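Written as structure tokens, this is what we have:
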């Protein structure tokens, strides 16, 4: 079996990136709300309904994506902590 080496610092970097992506996705959802409001201001009921339906669908999917990214970020952070704890217990002085 080959050697497997985990760098907890890389897991923490990945955790931060995933969290940042989740925040950006949440920001996109806010823009969708603005698009729906803009369509309503145009005064065309059909266009407003179509844009609102489109926005709801995308907002729902983006919500699922940002939750998945947040979950992944949490898992990466937990893995980094577990590896650091294991390393410090099994190999004192190696914890990072």
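Numbering (our numbering), first residue to last: 12 to 107. Cβ atoms here follow ideal geometry from the backbone N, Cα and C, with glycine treated the same way. Bear in mind that the values here come from a model prediction, so they are computed numbers and not experimental data.
- Residues of the same chain with a CB within less than 6 Å of the CB of residue 26, apart from the 5 flanking positions on each side, are 84, 87 and 88 in chain order.
- Under the criterion of beta carbons closer than 8 Å, residue 19 and residue 91 qualify as touching, at roughly 4 Å.
- Under the three-state reduction of DSSP output, residue 54 falls in the coil class, being neither helix nor strand.
- Straight-line measurement puts the Cα of residue 67 at about 48 Å from the Cα of residue 14.
- In the three-state scheme derived from DSSP, where H, G and I count as helix and E and B as strand, residue 40 is classed as helix.
- The residues 43, in chain order, have a CB closer than 7 Å to that of residue 69 in the same chain once the five nearest residues on each side in sequence are set aside.
- Residue 13 carries a coil assignment under DSSP once its states are collapsed to helix, strand and coil.
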